[in-house]
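Before any comments, here is the structure.
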Amino acid sequence: MMRPAAKQYVVTRPLYSENSFAEEHERVYRHRKTILDHISQYFTCDAKRAKNAALSLLPVISWMKIYRLKEWLLSDIVSGVSTGLVAVLQGLAYCLLASLPPWYGLFTAFFPVVIYFFLGTSRHISVGPFPVLCLMLGSVVTRLVPDDRPPANITGFEGLTSDEQRVLVAYSVSFLIGIMQLGMGILQVGFVVMYLSDTLVSGFTTAAAIHILISQLKFVLGLTVPGISGPLSIIYTLEIIFNKIKSTNVCDVVIALVIMVVVFIVKELNDRFKSKLPVPIPIEVIMTVIACGVSYAFDFKTRYGIEVVGQIPQGYETPMAPNLDIFQETAVEAFPMAIVGFAVAFSVAKVYAVKHDYTIDGNQELIAFGVSNIFGASFKSFAASTALSRSAVQESTGGKTQVAGLLSAIIVMVVTLAIGFLLEPLPKSVLGAVVIVNLKGMLMQVTEIPYLWKRDKPDCVVWVVTCIASTLLGLDLGLAVGLGVELICVVLRIQFPRCSLLANIKGTDIYKDRKDYVSIYETEGVKIFRIPSPIFFANSDFFRNKLVEALGFNPLRVLRKRNKALRTIKKLLKKGDLQWTSKGFLNASCGPIDESEDESNMEGLDQPTDFNDLPVRINWNAELPANISVPRVDNHSLVLDFAAVSFLDISALKGLKTLLKELIRVEVEVYIVACDPYILEKLHKCCFFDDEVEASMFYLTLHDAMLHILEKHPEFAENKPDCEKIITTVTVHHPGSSLRIRDRNAPDPETRL
543 MMRPAAKQYV
553 VTRPLYSENS
563 FAEEHERVYR
573 HRKTILDHIS
583 QYFTCDAKRA
593 KNAALSLLPV
603 ISWMKIYRLK
613 EWLLSDIVSG
623 VSTGLVAVLQ
633 GLAYCLLASL
643 PPWYGLFTAF
653 FPVVIYFFLG
663 TSRHISVGPF
673 PVLCLMLGSV
683 VTRLVPDDRP
693 PANITGFEGL
703 TSDEQRVLVA
713 YSVSFLIGIM
723 QLGMGILQVG
733 FVVMYLSDTL
743 VSGFTTAAAI
753 HILISQLKFV
763 LGLTVPGISG
773 PLSIIYTLEI
783 IFNKIKSTNV
793 CDVVIALVIM
803 VVVFIVKELN
813 DRFKSKLPVP
823 IPIEVIMTVI
833 ACGVSYAFDF
843 KTRYGIEVVG
853 QIPQGYETPM
863 APNLDIFQET
873 AVEAFPMAIV
883 GFAVAFSVAK
893 VYAVKHDYTI
903 DGNQELIAFG
913 VSNIFGASFK
923 SFAASTALSR
933 SAVQESTGGK
943 TQVAGLLSAI
953 IVMVVTLAIG
963 FLLEPLPKSV
973 LGAVVIVNLK
983 GMLMQVTEIP
993 YLWKRDKPDC
1003 VVWVVTCIAS
1013 TLLGLDLGLA
1023 VGLGVELICV
1033 VLRIQFPRCS
1043 LLANIKGTDI
1053 YKDRKDYVSI
1063 YETEGVKIFR
1073 IPSPIFFANS
1083 DFFRNKLVEA
1093 LGFNPLRVLR
1103 KRNKALRTIK
1113 KLLKKGDLQW
1123 TSKGFLNASC
1133 GPIDESEDES
1143 NMEGLDQPTD
1153 FNDLPVRINW
1163 NAELPANISV
1173 PRVDNHSLVL
1183 DFAAVSFLDI
1193 SALKGLKTLL
1203 KELIRVEVEV
1213 YIVACDPYIL
1223 EKLHKCCFFD
1233 DEVEASMFYL
1243 TLHDAMLHIL
1253 EKHPEFAENK
1263 PDCEKIITTV
1273 TVHHPGSSLR
1283 IRDRNAPDPE
1293 TRL
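The numbering used here puts the first residue of the sequence shown at 543, with every later residue one more than the last.
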């Protein structure tokens, strides 16, 4: 029943098939570019394209032209100083995750930032060490240069200390990561990160947070634990920690607990009162300064045996070439690191780009990070990405552009060149405590599991499997497992979608799943089958089975049964055991006639039924002579809704044509509606149509096809009351506007068929 206040619209138009619509409405011709056209255009260069390429490769030119010196400079300075202080502390702390001397983290917080200033498209992310990437790098470092056994047999390790060997591995792997990112950027394959869904990244980073937490326990507890990499490394590490738990340094534990409690409380206050605070309280920096002063005053290293940062060399080291042997050893592990580093940075960059209304370019970001890592690795820094906490500081303190990032790099440079010695008495347990406190956001992602389970179980499976696999097998293998499970879930969703039979909502031109609504009308003898996904080689059989299930009969089986019956009838007529009269077929023999089947002659049973040698066309739904039985077909029409079918491959196209022929041969009329023009064009190109499968079966809309069916088979609608008939027009009245009717002789809008 129509709502009293509902607006209505009136549309009166002809009934359209695809052919009739194409004849009446001329299409605009559009030249389709060939592969050669695209190649030619790609290599064509003019002044405008050269200018655009320069602006694309150096985004700094674009945003520097609109830089508001008076409005933005002060904010960038405040943000740069705040971010620089955090970057110094995180550089030292995250370097421990990579199993490297702490001061190399300062290199990572400087060199990549400078390059990103010129090449990056995000104005707000803070480039530098990222804990997950550091941990993945650390697993490679400890595999090639373990604590408890000799290093791998690699040319270039001769004459180097253990720390120097690890640094060589770290910057060589970082150089390789940069090459991979740069290569992907040049090849314009930034879309690869789209395969890492938010669910997968969430499960992966949660597992990484668990790894980071376990790796920092040795600093918090003051234990000597060798670095372990590979599957189940987290189990072996925990076993060693529990075996050595009696050797815990109580002073380290007390310092770490105090730092964690104070930093956690102040961070919570920062979040709660961030609207009232002009700048978040840099509690990590404050506690680090206090810890340095107390450690120096009471000589923690000598008196309590606490491990401290130690001597920090002033200045930068000379550029070094990477080791090619390490490239060969670590290429498989470097690729997931290149993907993860870029994916995390790009995700954070997208958040701030949307918030501040500007665009970022994924391919240019790959180039920026690739060049940043190559340049930084040449000066012995390790792989850089971005950390959400550090980027949040840069943005929340008023940073407007990457000028803030450049100023943060200058702060790091001042520490490296001049005042790094002040951090020498800093206990490593303080750095471990700071790292653990900053894991809160990643660890709390566990709370997403109930939400995902209630709303999307496949996504929940991806999250759980990725997290467990990354925790137990290691981050590189875990990422591969998670990606595999994610792709399997996508394939299964496409391969086994929810097909449905549609029915008409009474009094409208709307068709919905017949199981979902009460007030529906199903035309007798008509099935409307909705296909909700692309059809390709993997799911074409599934669709056929679902359609056969919906129809209630297998068209190929029915066709074969009919052809067998036809052979039997012709044979009986030829022998004289069966005769045709005005009242129908009549048995001419005295006894019962048994149906005989020649199993040796199965050829031709799949062909159209041939009535040429018969005096009349057989009604297969009526009673047949000579005890012959054929499955009954109660449907005269089938409508396939292709509105959600975005493509057909060749295998699906062949399967669809075979199915359509089988249906047509058992006298079921097939109509395909709402087909995408691209698919229709492809069908014509692939010679899909012939004498049996004709282009006239394609209709513009589902309602057009239904009206045509009812017009062709009026006997199925004559006995229906008006309220249950399908309307022929859909009409809307807009107040204050006039109704435009295309055809003056069009029927009244209230006409019903």
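Built from N, CA and C at the ideal position, the CB exists for glycine as well.
Just so you know, these numbers come straight off a predicted model, no measurement behind them.
Beta-carbon to beta-carbon, L631 and T939 are separated by about 15 angstroms, too far to satisfy the 8 angstroms threshold. Approximately 6 angstroms separates the beta-carbon atoms of V795 and L763; this is inside 8 angstroms, confirming the contact. For I1047 against K1057, the beta-carbon gap comes to about 13 angstroms, at or over 8 angstroms, which does not count as contact.
By the CB criterion at 8 angstroms, H666 and G941 fall inside the cutoff. Three or more beta-carbon pairs separated by less than 8 angstroms link the segment 704-720 to the segment 633-651, which places the two stretches in contact. Measuring C-alpha to C-alpha distances from A1186 to each of D1232, P1074, A1080 and V1208 identifies P1074 as the nearest. In the assembly as shown, M736 is an exposed residue. Its beta-carbon has fewer than 16 other beta-carbons within 10 Å.
In the DSSP assignment, the residues bridged to Y1213 are V1181. Assignment of beta-bridge partners to L1043 by DSSP yields F1071. Residue burial is scored here from C-beta neighbours: R591 has fewer than 16 other C-beta atoms within 10 angstroms and is therefore classed as exposed. Annotation: the continuous beta strand (DSSP E) that includes K1054 extends over Y1053 to D1055. The criterion of a C-beta distance shorter than 8 angstroms is satisfied by V886 and T928.
I783 is positioned such that its CB atom lies closer than 8 angstroms to that of L759. In this structure, the beta-carbon distance from L1015 to V1023 falls below 8 angstroms. Using a 10 angstroms sphere on the CB of T747, the tally of other CB atoms reaches 16 or more, which defines it as buried. The count of Cβ pairs closer than 8 angstroms, one atom from the segment 904-921 and one from the segment 715-732, reaches three, so the stretches are in contact. When DSSP reads this structure, V620 sits in no beta bridge, so it has no partner. At the C-beta level, F1071 and C1041 come within 8 angstroms of one another. A distance below 7 angstroms between beta-carbons, with the five flanking residues on each side excluded, links D1191 to the following residues of its chain, in chain order: F1078 and F1079.
A straight-line Cα-Cα distance of about 10 angstroms links F659 and L949.
From the listed residues V945, N1105 and P1173, the smallest Cα separation to D1148 is found for N1105.
Secondary structure within the segment 874-921: the alpha helix (DSSP H) runs of 4 or more consecutive residues, fully enclosed, are 904-920 (chain order). Judged by pairs of C-beta atoms under 8 angstroms, the segment 1105-1122 does not touch the segment 1215-1222, as fewer than three such pairs exist.
Burial check for Y584: the Cβ neighbour count within 10 Å stays below 16, so the residue is exposed. Nearest in C-alpha terms to T1008, of all of C1031, K996 and W614, is C1031.
For the pair T703 and L981, the Cα-to-Cα distance works out to about 32 angstroms. Contact check for L1017 against L677 passes: the beta carbons are separated by less than 8 angstroms. Contact between G720 and A919 holds: their C-beta atoms lie close to 6 angstroms from each other, under 8 angstroms. The segment 949-967 and the segment 685-692 do not touch, with fewer than three beta-carbon pairs separated by less than 8 angstroms.
CA-CA distance, W1122 to V1033, rounds to 56 angstroms. Here A833 has I797, I801, L968, P969 and V972 as same chain residues with Cβ atoms under 8 angstroms from its own Cβ, once five neighbours each way along the sequence are excluded.
Per DSSP, Q987 is not a residue of any alpha helix (DSSP H), being assigned neither H nor E. Judged by DSSP in its simplified three-state form, Q853 adopts coil rather than helix or strand.
With fewer than 16 other Cβ atoms from the protein chains shown falling within 10 Å of its own Cβ, I728 counts as exposed. Short of 8 angstroms from the beta carbon of L600, and not among the five residues preceding or following it, lie these beta carbons of its own chain, in chain order: F660 and L661.
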